[in-house]
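What follows is one structure encoded as structure tokens, with my remarks underneath.
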Amino acid sequence: MFTKVNGKAVSVDLSRSGPIIARRGAMLFYTGQVLFQPHQIPGMGGGMMGGLAGMAGRMMQGEHEATMVAQGNGTVHYGFRGLEVEVIDLSGGGELRVEASRLLAYTQGLQASIVSTGAQGGAPGGGGRGLMGALRSAASGVATGQGMFTTQLTGAGAAVILGHGGFIRLEVNPNRPVTVDPQAFAASVGQVQTSLRSTVSLRNMGRTGGEAFQLDCTGHGAVYVQASEQRL
């Protein structure tokens, strides 16, 4: 659905893909007859945590970024601030978790929602359910630069993510867990659980070589790691 033009831009034919949702300001140029309209990503479900995600997610993490839906008969080119792009194919169905700041565009067949990083399935800091899980997730978010909330895409379609220096896809399965730097972690696909681990102790405090936190990724799926520790 999305075609890489180069490492920093993608194109999409709306007549073949259907409506495309992208972050505001990401459209570079288009040909044909295309209509752009504001789009709203729903927050988490109701209840206290739902209200918290809707409010604190926007205040603390920027979840979500303002988005626009493009539809019509034409070809649209997308890119953002010269960042590297990666197309993730979910045509067979699946689940993608990625920070809103790293999400460039996706097809309308994918359902987007804002979820707590402590929710089952895992995102950076996965702290478990309930109030304690939320508190652990908040602490992890502060420590690693990841937020309390993340964007989840489910269904069948395709998405494009952003990062610095290009991406490496790492397969994860029960026999092959992967440990990554939290700052390099970009996204996860499938049923991947993440757990933040600290290598700091009283004995080595101040001598961890800048690798004080590590992210253990387990389960079934894949993680995308950017070739940089630079934040977007």
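Sequential numbering from 138 applies to the sequence shown in the numbering used here.
Backbone N, C-alpha and C fix where the C-beta goes; we use that ideal spot for every residue, glycine too.
Whole-angstrom distance between alanine 349 and isoleucine 157, CA atom to CA atom
39 Å
Can you look up alanine 237 in the DSSP assignment and give me helix, strand or coil?
helix
For the ligand ZN, any of its heavy atoms closer than 8 Å to the Cβ of proline 311?
This structure lacks the ligand ZN; in fact it carries no ligand of any kind.
Could you tell me which residues DSSP pairs with aspartate 353 in its beta bridges?
Thr316 and Ser332
Under the three-state reduction of DSSP, which class applies to leucine 220: helix, strand or coil?
coil
Using alpha carbons as the reference points, say which of Gln320, Ala321 and Glu223 lies closest to methionine 138.
Glu223
Taking DSSP as the reference, what is the three-state secondary structure of serine 365?
coil
According to DSSP, simplified to helix, strand and coil, what is arginine 161?
coil
How do the region 325–336 and the region 350–366 stand: do at least 3 beta-carbon pairs fall below 8 Å, yes or no?
yes
Rounded separation between glycine 144 and methionine 164 - CA only:
16 Å
Go through its chain and collect everything with a Cβ distance to proline 175's Cβ below 7 Å, but skip five positions before and after it.
Met205
Chain-order list of residues whose beta-carbon lies under 6 Å from that of glycine 246 (same chain, five-residue window excluded)
Gly292, Ala293 and Gly294
With distances taken Cα to Cα, identify the nearest neighbour of serine 365 among Phe304, Leu333 and Pro314.
Phe304
Residues in the same chain with beta-carbon distance under 8 Å from leucine 172, minus the five sequence neighbours each way, listed in chain order, please.
Ala207, Gln208 and Gly209
With a threshold of 16 other CB atoms inside 10 Å of the CB of alanine 159, please say whether the residue is buried or exposed.
buried
With a CB to CB cut of under 8 Å and the five nearest residues on each side skipped, what residues in its chain are close to glycine 184?
The predicted model places glycine 184 with a pLDDT of 44, which falls under 50 and marks its position as unreliable; any figure quoted below should be read in that light. Excluding positions up to five away in sequence, the list is empty.
Serine 335 burial status per 10 Å Cβ neighbour count (16 or more: buried):
exposed
Own chain residues within Cβ distance below 8 Å of isoleucine 225, not counting five before or after:
Leu233, Ala295, Ala296, Val297, Ile298, Ala324, Val326 and Tyr361
Among residues of its own chain, excluding the 5 on either side of valine 315, which ones have a beta-carbon nearer than 7 Å to its beta-carbon?
Leu307, Val309, Cys354 and Val360
When we look at the beta-carbon of glutamine 363 and count the other beta-carbons within 10 Å, is it buried (16 or more) or exposed?
buried
Using only the alpha-carbon positions, how far apart do glycine 162 and phenylalanine 217 sit?
7 Å
Please classify alanine 249: is it buried, with 16 or more other beta-carbons within 10 angstroms of its beta-carbon, or exposed?
buried
Based on the DSSP secondary-structure assignment, which residues constitute the bridge partners of alanine 323?
In DSSP, alanine 323 forms no bridge with anything.
Is the separation between the beta-carbon of serine 148 and that of threonine 244 shorter than 9 Å?
no
Between which two residues does the beta strand (DSSP E) containing histidine 214 stretch?
204–215
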